[in-house]
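Reading through the structure tokens given below for one structure.
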Amino acid sequence: MFRRKRFKKLDNLNTQQVLKQQVLSSDLNDNLQVLRSMYQDCFDVVFRTLLMGGKTKAVLVYIEGLSNIEELNDHVLGSLMEETEGEIDSPQSALREKMTISKLNEVKTFADCIENISIGNPVLLLDEAETGLALGLGKWEKRSVEEPTAESLVRGPREGFVETMGVNTSLLRRKIKSPDLKMKSMKIGSYTSTDIVIAYVEGLADQSLIKEVENRLKRIDIDSVLESGYIEELIEDSPRSPFPQLINTERPDTAAANLLEGRVVILVDGTPFALIAPIGFFSLLQSPEDYYQRALVSSSIRLLRMLFMGLSLVLPALYVGVTTYHQEMVPTSLLISVAASRESVPFPAFVEALLMEITFEALREAGVRLPKQIGAAVSIVGALVIGEAAVSAGLVSAPMVIVVAITGISSFMMPHYTQGLALRLLRFPLIFLAATLGLLGIMLGIITIIVHLCTLRSFGLPYLTPIAPLQGRELKDTFFRAPWWMMNTRPHLTGKFDTYRKASWKKTSPSKEEK
Amino acid sequence: MNLFLSRKFIITLTSLLLLSSSFLLTGCWDRKEVNDMAMVLGAAIDKSKGKNSIELTIQTLNPRNVSNGQQGTGGRGSIISVRSAVGKNMADAASKLQTKISRQIFWGHCKIFILGKKLAKQGGLDPEIDFLLRHPEPRENAHLFVSDGKAADVMELMPPLDQYEGEALRRLAQMRTGAAVTVNEFEEMLTGDAGGAILPLIKILPRLHGEEKKETSAYIAGTAIFKKDKMIGQINARVTRGLLWLRDEIKVLSITVYPKRRQTIALDPIRQKTRLVPKIKNGKWTITAKITSENTIVENGTHLDAMSLDVVKQIEDKANKALNQRINESLSQVQKGMNVDVFGFAEAFHRKYPKEWEKVKDHWDKVLPKVVVNTDIRMRIRRPGLSTTPAGLKKEEIKEK
Numbered sequence: 001m002f003r004r005k006r007f008k009k010l011d012n013l014n015t016q017q018v019l020k021q022q023v024l025s026s027d028l029n030d031n032l033q034v035l036r037s038m039y040q041d042c043f044d045v046v047f048r049t050l051l052m053g054g055k056t057k058a059v060l061v062y063i064e065g066l067s068n069i070e071e072l073n074d075h076v077l078g079s080l081m082e083e084t085e086g087e088i089d090s091p092q093s094a095l096r097e098k099m100t101i102s103k104l105n106e107v108k109t110f111a112d113c114i115e116n117i118s119i120g121n122p123v124l125l126l127d128e129a130e131t132g133l134a135l136g137l138g139k140w141e142k143r144s145v146e147e148p149t150a151e152s153l154v155r156g157p158r159e160g161f162v163e164t165m166g167v168n169t170s171l172l173r174r175k176i177k178s179p180d181l182k183m184k185s186m187k188i189g190s191y192t193s194t195d196i197v198i199a200y201v202e203g204l205a206d207q208s209l210i211k212e213v214e215n216r217l218k219r220i221d222i223d224s225v226l227e228s229g230y231i232e233e234l235i236e237d238s239p240r241s242p243f244p245q246l247i248n249t250e251r252p253d254t255a256a257a258n259l260l261e262g263r264v265v266i267l268v269d270g271t272p273f274a275l276i277a278p279i280g281f282f283s284l285l286q287s288p289e290d291y292y293q294r295a296l297v298s299s300s301i302r303l304l305r306m307l308f309m310g311l312s313l314v315l316p317a318l319y320v321g322v323t324t325y326h327q328e329m330v331p332t333s334l335l336i337s338v339a340a341s342r343e344s345v346p347f348p349a350f351v352e353a354l355l356m357e358i359t360f361e362a363l364r365e366a367g368v369r370l371p372k373q374i375g376a377a378v379s380i381v382g383a384l385v386i387g388e389a390a391v392s393a394g395l396v397s398a399p400m401v402i403v404v405a406i407t408g409i410s411s412f413m414m415p416h417y418t419q420g421l422a423l424r425l426l427r428f429p430l431i432f433l434a435a436t437l438g439l440l441g442i443m444l445g446i447i448t449i450i451v452h453l454c455t456l457r458s459f460g461l462p463y464l465t466p467i468a469p470l471q472g473r474e475l476k477d478t479f480f481r482a483p484w485w486m487m488n489t490r491p492h493l494t495g496k497f498d499t500y501r502k503a504s505w506k507k508t509s510p511s512k513e514e515k
Numbered sequence: 001m002n003l004f005l006s007r008k009f010i011i012t013l014t015s016l017l018l019l020s021s022s023f024l025l026t027g028c029w030d031r032k033e034v035n036d037m038a039m040v041l042g043a044a045i046d047k048s049k050g051k052n053s054i055e056l057t058i059q060t061l062n063p064r065n066v067s068n069g070q071q072g073t074g075g076r077g078s079i080i081s082v083r084s085a086v087g088k089n090m091a092d093a094a095s096k097l098q099t100k101i102s103r104q105i106f107w108g109h110c111k112i113f114i115l116g117k118k119l120a121k122q123g124g125l126d127p128e129i130d131f132l133l134r135h136p137e138p139r140e141n142a143h144l145f146v147s148d149g150k151a152a153d154v155m156e157l158m159p160p161l162d163q164y165e166g167e168a169l170r171r172l173a174q175m176r177t178g179a180a181v182t183v184n185e186f187e188e189m190l191t192g193d194a195g196g197a198i199l200p201l202i203k204i205l206p207r208l209h210g211e212e213k214k215e216t217s218a219y220i221a222g223t224a225i226f227k228k229d230k231m232i233g234q235i236n237a238r239v240t241r242g243l244l245w246l247r248d249e250i251k252v253l254s255i256t257v258y259p260k261r262r263q264t265i266a267l268d269p270i271r272q273k274t275r276l277v278p279k280i281k282n283g284k285w286t287i288t289a290k291i292t293s294e295n296t297i298v299e300n301g302t303h304l305d306a307m308s309l310d311v312v313k314q315i316e317d318k319a320n321k322a323l324n325q326r327i328n329e330s331l332s333q334v335q336k337g338m339n340v341d342v343f344g345f346a347e348a349f350h351r352k353y354p355k356e357w358e359k360v361k362d363h364w365d366k367v368l369p370k371v372v373v374n375t376d377i378r379m380r381i382r383r384p385g386l387s388t389t390p391a392g393l394k395k396e397e398i399k400e401k
């Protein structure tokens, strides 16, 4: 009935493609005609015709706003339009000598032309020359390096990735100065031709992993990549799972730390979010600050985070399950106050929980989407609706409000937003299970989740490492964060090619000679 | 290919729907909202006037009257309501009670059960205990009591400190000022070698002047002694202590010794341990109760210097004697007077002399009166308290011997 329909290739895309492959001809007018037809109805593309040295006809093609006009005027147009004595044998080489620009590239095909023009390099086409010159004068408006807003820290670097690839790679390069930091570039997206950079540290990262990442990226056939989320969904192992199998980060320090553990960082032009692969479930519970604060403090915060991860997943379900099936499990005095506050509530606990959770999620979403000025108003209304009015109107009970509030806070505690989202989503089926089967249902749900987590792979890495399979040595950086003088090995599955971070298992102590 | 209309997707969706019905159709059958149930917080079982029938009285939570922070302090009335019904047995009475209560009775939080004295003395408690153990809801660790008067009267009390009488009694039992026995322990005692059992005996505290009629609480006034499932006697609080010392269940009680006439020293036990050592020699059965106890002095009403080792020794001797006397008193009342073994002697003999035990186990109550009980008491004073010398005395008045 619903048989596959064959995809129809877009026709105009094809003609474009054919034109692009063409080589520049020696006739300037021909070239111009082709370029003009390509850039038809593009008012921002400038064709500047000029006479070089008063003799040779030349055309400068660039896009307004993408190129540095001042430099173009000073260093290119000025020198080009100077009258020159005598005949020039090869205008190309003469130009190379004359122009005071560091980056000059020869372009031979229209494809090259378009590529250079699109990234802001003006292309100079000469009459009677089969090659043009691309001038490295790209300059466009970009955001400066700012503190990442999605992952803020108390202690740690304040810089974050920006939308520009060049800045992002430089931020990484400034962290890892070794030439072993490799960055392979490719372009994805037939319209956007977005720059993608695969960064890794040679000697640390598994060669087969890099190959796999490259292969997966190469297989992508998509018209546009506007954010790294596109790439993430296209290359992850189980796209249907609620759990993220790649971490996205705005922080160069996080990216660098992962590179040094043998992982691969995928940078996407046009977004500050870099992707890290492969990752495990427990990487999602780690904040970069864990590594910057004192080990004891970080370890206890990690334990707290684990606890609240559990709470954010099961707390409403637990409340529903216990109050509808297992009342004997609650201490008597607590049950008495729960009973008292539930007395005037017209809904069963399940409906109450669902109502509150959905309201909370709606409020959260509204708060995120709205402009900042209105956001405050939403939170006030929300606090009133959820906290005060709903209880005094007798629609929900006060303990339920507390449960929802704790759940909300605990889901915000997750250092990686994407994981918080996954847990939030799974909360609802668990509430449903708790309402139908009680604690048994919750256990079934949790077992299902754990089995699912066990089957997940991130680029072949078991998702639950180092718990399943158990890697005793890696537990130092899972539930606890061992002090740096004990963290002498890299994670086994990603860093096995250079196991030791530091020479020995030793902390620095006062030197003996000072006595 | 449209993902949402593909055959695979439809099959997955259908199977998911079918799977979810297995939850929806089978689940929920025992769903019970907190506000659909009547929480039983205490129950009293009395002998009814009718033949072979009991009267079951329960106190259930009245959630409307629970004061919760926001809606001002104090409810409009008591947070409990008391209902009773007569039935042939517990289950019968409970189902008759259900007809009088608009919400489903829930036993899961009933932490105390009180037996009326008449019912206890009539014997045949097995069916009631069986209900408490067999029914899934009542707790096996609920405390059992015997009420001196009618048990139902206790249910209606409004204790001044706690929210309801059940809670007050549970706290009393957990403080272990007297015997504290749960349903489970009672059953164990009844089925044990000795066949004797104890339950705390409660009385209603006489109300103070100016208090409303029900505004008082019950207290543990002694111990009811059971032989098999029949109550055969009772002992008062004082004798109970001797009993509890032998059962190694004593807690938070101070001991008063009289080193001199009319002068007292009070000791608070820190920790204590009782070990029953049985011995059969030439057909003579003896039990030695080895009691060690460490104490602190909390009050010194004598002229003696508690820091002096001689004095300490002297006090210890007196304390040994006082305790010995206590224990003998309870032995004479229970072992000799009622001829019932609630001390754990039978278990002690059974454990050490299984062969000899086999011979006497059918007529243990004939052997029991002949068992000689010795005591080996070692009271130790470990701490003199926060002051060294007796208060209010000059140095010359203090005696070091």
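Protein chains in written order, with UniProt numbering: chain X, 1 to 515; chain Y, 1 to 401. Glycine included, every Cβ here is placed at the ideal spot set by N, Cα and C.
Under the three-state DSSP convention, the category residue i falls into
| i | result |
| --- | --- |
| residue 397 of chain Y | helix |
| residue 252 of chain X | helix |
| residue 332 of chain Y | helix |
| residue 370 of chain Y | helix |
| residue 110 of chain X | helix |
| residue 191 of chain X | coil |
| residue 207 of chain X | helix |
| residue 371 of chain X | coil |
| residue 386 of chain Y | coil |
Interface flag, residue i vs chain X, CB-CB below 9 Å
| i | result |
| --- | --- |
| residue 314 of chain Y | no |
| residue 35 of chain Y | yes |
| residue 66 of chain Y | yes |
| residue 30 of chain Y | yes |
| residue 163 of chain Y | yes |
| residue 41 of chain Y | yes |
| residue 167 of chain Y | yes |
| residue 327 of chain Y | no |
Partners in chain X for residue i, counting only beta-carbon separations shorter than 8 Å
| i | result |
| --- | --- |
| residue 108 of chain Y | 327, 328 |
| residue 61 of chain Y | 336, 339 |
| residue 175 of chain Y | Those do not exist, as residue 175 of chain Y stays about 17 Å from chain X at its closest Cβ, beyond 8 Å. |
8 Å Cβ cut-off: residues of chain Y touching residue i
| i | result |
| --- | --- |
| residue 510 of chain X | Within chain Y, no residue comes near residue 510 of chain X; the closest Cβ sits about 46 Å away, beyond 8 Å. |
| residue 433 of chain X | 23 |
Identity of the residue in the options nearest residue i by Cα
| i | options | result |
| --- | --- | --- |
| residue 160 of chain Y | Y:216, Y:220, Y:297, Y:332 | Y:216 |
| residue 415 of chain X | X:306, X:169, X:200 | X:306 |
| residue 124 of chain Y | Y:47, Y:91, Y:99, Y:214 | Y:47 |
| residue 351 of chain X | X:374, X:323, X:378 | X:323 |
| residue 293 of chain Y | Y:253, Y:189, Y:337, Y:8 | Y:253 |
| residue 167 of chain X | X:143, X:178, X:184, X:156 | X:143 |
| residue 240 of chain Y | Y:22, Y:121, Y:90, Y:200 | Y:200 |
| residue 333 of chain Y | Y:98, Y:234, Y:190 | Y:234 |
Residue i: contacting residues in chain B (beta-carbon distance under 7 Å)
| i | result |
| --- | --- |
| residue 348 of chain X | Protein chains X and Y are contained in the structure displayed, whereas chain B is not. |
Neighbouring residues, chain Y, relative to residue i (Cβ below 7 Å)
| i | result |
| --- | --- |
| residue 437 of chain X | 23, 27 |
| residue 324 of chain X | 31, 32, 33 |
| residue 342 of chain X | 34, 35 |
Partner residues on chain X for residue i, Cβ-Cβ distance less than 9 Å
| i | result |
| --- | --- |
| residue 111 of chain Y | 332 |
Any chain Y beta carbon closer than 9 Å to residue i
| i | result |
| --- | --- |
| residue 233 of chain X | no |
| residue 517 of chain X | With chain X covering only 1 through 515, there is no way to say anything about residue 517 of chain X. |
The ligand PLP heavy atom lying under 8 Å from the CB of residue i
| i | result |
| --- | --- |
| residue 231 of chain X | The ligand PLP is not part of the structure shown, which contains no ligands of any sort. |
Amino acids of chain Y, ordered along the chain, whose beta-carbon sits closer than 9 Å to that of residue i
| i | result |
| --- | --- |
| residue 441 of chain X | 23, 27 |
Any chance you could list the beta strand (DSSP E) runs of at least 3 consecutive residues sitting entirely within the segment 80 to 114 of chain Y, in chain order?
Runs found: 80 to 87, 104 to 106.
3 or more residues per run - each beta strand (DSSP E) lying fully within the segment 142 to 225 of chain Y
Here the runs fully enclosed are 143 to 147, 196 to 204.
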